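Numbering (my numbering), first residue to last: 50 to 723.
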């Protein structure tokens, strides 16, 4: 009788810095019931990957459940897969960190769960041939990628029922093609239908493999799945159906790999899973790509054409989103410093912080990427600010440094002491793009500009629309739902970066016109201390702006010459952990006029405190003379598996003062713990 080996793998991951409530919910609705269900069926073999940060959390909080997993490993039911410890995209971190990250997780799995992995999960299935040497050097024999990767290299679907071999720089690695058809059936199709489909893949005289590896969160966390998978018994019915089948044999990847031979050599193009190819494109290009895919589907040709309808690659996110690119280049610079330490060596504490800063989630955006989620970006910056401060203590760096670290054609100026760091863009805006408080491990400049997303055109479909028909449940890829009410103005693009000290002059004769005042020539002032000065001229107005760091204070001093008239404004976009939560509030003249999520307008303000319990500190905004203070929340609109949502990115503060009466102004940000 023809048989088929079912290689079923699941990938469990939570981003570094995710909320405890989210982790608790994920465990209760997914990790625990999945492990408990599989533990009741010792003959059902499977493979599992837990990212290192999540594994640490589960081992500490739920040791009894992890003991069940350890039992399944010991009795040969479960195989453990490795990866980078904090779930980095290996292709975008230095090779030395690829090897280090993989070895950290492999060591952890061997010590905590009793087995060292031979296989590895590739984050977001991002494939570049350059990762082969690091995987091999770290002791990995095989990885899983999508069957789509193989189709893009010219392979046919019917060939993709085993593993292939590739090589790079003298190292070899075996590659298993994950079945897209299985990814879309498990667990969304009825259990008996899924079992019948797997049986249909059996081939006479050949031990073919049905290869599945996908997010475990599909089994309980995605919308509708907890009820479907556990309460209605999908997982139990599927396992029992597989075990009852005379055709299907469950195997671990390591078993199949040891017993079978490679299907031959293959070289895969740089790509990820097919949905990612759309997400990583700019909006206009993504819409064009999506239209081409839709036409191909309507013509019934998509299965034959999809390998040639290719979108972007994962690294496009770094060019699409300046905020992602900035984090990435800052991380690369810190990696260089860590590994270049003289006489210290890469200490465990430093590597741990560096690896946290390499966690993938905050660097990209799609249905599941977390760039739009402030708490995930904050976790990356928290690690980077801590790491940079620690490195400065081990080996000091100049208090002033200049260079174009993000490759945008404009230099950045780094000013820092042992308390604060400010990074200034040396372009026509002369804005502050990063303001770090070392005592709080926080970057107050961590905001996100609004830009058009290709999925905005789905909004007109209306609430709770979805593209699923027939039995089963809808995949999040097909859902159109709304967590919040979205208005047209919420989708407007920002015309400028969300930075600090973005200046404008409003001419008295045309107050509606807001003009960028700076066409700057940067120069260093002959002052003692951390000072940077800028000059500009706009019509009748001459402007001097000077930044200064003094202890825990960062200030911008303005001097106006010529024939000043009209109003001058400066905008500060300040990222705070609480944002629109109850723990973040303004304190003005001893009272609390509102929270960060509310609009606030004060006619005359010379000092106001932004207090944040989650931050563990406060920011006191001083003006040398009273100014008009206006604050409002800055929201972005994005799409997640739960639907379209508005997320507060920062407090946007505008300070304004008349120029005829105020020719000098100093705006100071004082940062202190509670």
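Just so it is clear, CB atoms sit at the ideal spot from N, CA and C, and this is done for glycine as well. Note that this is a predicted model, so its numbers are computed, not measured.
For residue j and residue i, the rounded distance between their alpha carbons
{"i": "residue 716", "j": "residue 583", "result": "15 Å"}
{"i": "residue 150", "j": "residue 177", "result": "17 Å"}
{"i": "residue 404", "j": "residue 685", "result": "28 Å"}
{"i": "residue 267", "j": "residue 660", "result": "39 Å"}
{"i": "residue 393", "j": "residue 387", "result": "9 Å"}
{"i": "residue 482", "j": "residue 554", "result": "21 Å"}
{"i": "residue 389", "j": "residue 398", "result": "15 Å"}
{"i": "residue 343", "j": "residue 352", "result": "12 Å"}
{"i": "residue 208", "j": "residue 625", "result": "52 Å"}
{"i": "residue 96", "j": "residue 58", "result": "4 Å"}
{"i": "residue 225", "j": "residue 187", "result": "18 Å"}
{"i": "residue 99", "j": "residue 169", "result": "11 Å"}
{"i": "residue 682", "j": "residue 719", "result": "21 Å"}
{"i": "residue 252", "j": "residue 153", "result": "40 Å"}
{"i": "residue 131", "j": "residue 549", "result": "41 Å"}
{"i": "residue 237", "j": "residue 271", "result": "11 Å"}
{"i": "residue 709", "j": "residue 478", "result": "23 Å"}
{"i": "residue 70", "j": "residue 611", "result": "57 Å"}
{"i": "residue 292", "j": "residue 230", "result": "21 Å"}
{"i": "residue 66", "j": "residue 419", "result": "11 Å"}
Own chain partners of residue i with C-beta closer than 6 Å, once the 5 adjacent residues on each side are dropped
{"i": "residue 476", "result": "459"}
{"i": "residue 220", "result": "181, 182 and 185"}
{"i": "residue 440", "result": "386"}
{"i": "residue 203", "result": "none"}
{"i": "residue 354", "result": "345"}
Nearest-angstrom Cβ-Cβ length linking residue i and residue j, presumed shorter than 8 Å
{"i": "residue 786", "j": "residue 480", "result": "Within the shown structure, residues of the chain are numbered from 50 to 723, placing residue 786 beyond reach of any answer."}
{"i": "residue 53", "j": "residue 227", "result": "About 15 Å; that fails the 8 Å criterion."}
{"i": "residue 469", "j": "residue 64", "result": "Contact flag wrong, Cβ pair sits at about 28 Å."}
{"i": "residue 147", "j": "residue 133", "result": "7 Å"}
{"i": "residue 496", "j": "residue 699", "result": "4 Å"}
{"i": "residue 609", "j": "residue 592", "result": "6 Å"}
{"i": "residue 723", "j": "residue 665", "result": "6 Å"}
{"i": "residue 55", "j": "residue 323", "result": "Actually they do not touch by this definition, with Cβ atoms about 23 Å apart."}
{"i": "residue 210", "j": "residue 235", "result": "The pair is not a contact, with the Cβ atoms about 17 Å apart (cut-off 8 Å)."}
{"i": "residue 81", "j": "residue 114", "result": "5 Å"}
{"i": "residue 158", "j": "residue 118", "result": "With 8 Å as the limit, residue 158 and residue 118 do not qualify as a contact, their Cβ atoms being about 11 Å apart."}
{"i": "residue 360", "j": "residue 327", "result": "5 Å"}
{"i": "residue 630", "j": "residue 556", "result": "Between residue 556 and residue 630 the Cβ distance is about 39 Å, and since that is not below 8 Å, they are no contact."}
With 16 other Cβ atoms within 10 Å as the buried cut-off, status of residue i
{"i": "residue 586", "result": "exposed"}
{"i": "residue 347", "result": "exposed"}
{"i": "residue 688", "result": "buried"}
{"i": "residue 415", "result": "buried"}
{"i": "residue 163", "result": "exposed"}
{"i": "residue 648", "result": "exposed"}
{"i": "residue 60", "result": "buried"}
{"i": "residue 350", "result": "exposed"}
{"i": "residue 449", "result": "exposed"}
{"i": "residue 492", "result": "buried"}
{"i": "residue 94", "result": "buried"}
{"i": "residue 638", "result": "exposed"}
{"i": "residue 627", "result": "buried"}
{"i": "residue 384", "result": "buried"}
{"i": "residue 356", "result": "buried"}
{"i": "residue 310", "result": "exposed"}
{"i": "residue 313", "result": "exposed"}
Chain-order list of residues whose beta-carbon lies under 8 Å from that of residue i (same chain, five-residue window excluded)
{"i": "residue 534", "result": "none"}
{"i": "residue 574", "result": "Residue placement at residue 574 is flagged as unreliable, the pLDDT there being 47, under the threshold of 50; a coordinate-derived value is accordingly withheld."}
{"i": "residue 452", "result": "460 and 461"}
{"i": "residue 336", "result": "503 and 506"}
{"i": "residue 222", "result": "181, 184, 185, 189, 190, 191, 192, 214, 215 and 216"}
{"i": "residue 712", "result": "608, 609, 610 and 613"}
{"i": "residue 74", "result": "270"}
{"i": "residue 317", "result": "176, 178, 194, 198, 199, 201, 202, 215 and 224"}
{"i": "residue 635", "result": "641, 642, 643, 644, 645, 649, 657, 658, 659, 660 and 680"}
{"i": "residue 378", "result": "454, 455 and 456"}
7 Å CB neighbourhood of residue i in its chain, flanking five on each side removed
{"i": "residue 380", "result": "406, 407 and 433"}
{"i": "residue 382", "result": "454"}
{"i": "residue 663", "result": "626, 627 and 632"}
- [ ] Please determine if the region 403-415 and the region 134-150 are in contact, where contact requires at least 3 C-beta pairs separated by less than 8 Å.
- [x] Taking a contact to require three or more Cβ pairs closer than 8 Å, the region 403-415 and the region 134-150 qualify as touching.
Open item on the list: Below 8 Å, how does it come out for the region 617-630 and the region 697-704: are there three or more Cβ pairs, yes or no?
Closed with: yes
- [ ] May I ask you to verify whether the region 664-682 touches the region 642-656, counting CB pairs closer than 8 Å and requiring at least 3?
- [x] Three or more beta-carbon pairs separated by less than 8 Å link the region 664-682 to the region 642-656, which places the two stretches in contact.
- [ ] Count the CB pairs spanning the region 590-607 and the region 693-702 that are closer than 8 Å, and state whether there are at least three.
- [x] By the criterion of at least three beta-carbon pairs nearer than 8 Å, the region 590-607 is not in contact with the region 693-702.
Open item on the list: Check whether the region 282-294 and the region 186-201 touch, using three or more Cβ-Cβ pairs below 8 Å as the test.
Closed with: Counting Cβ pairs under 8 Å, fewer than three are found: no touch.
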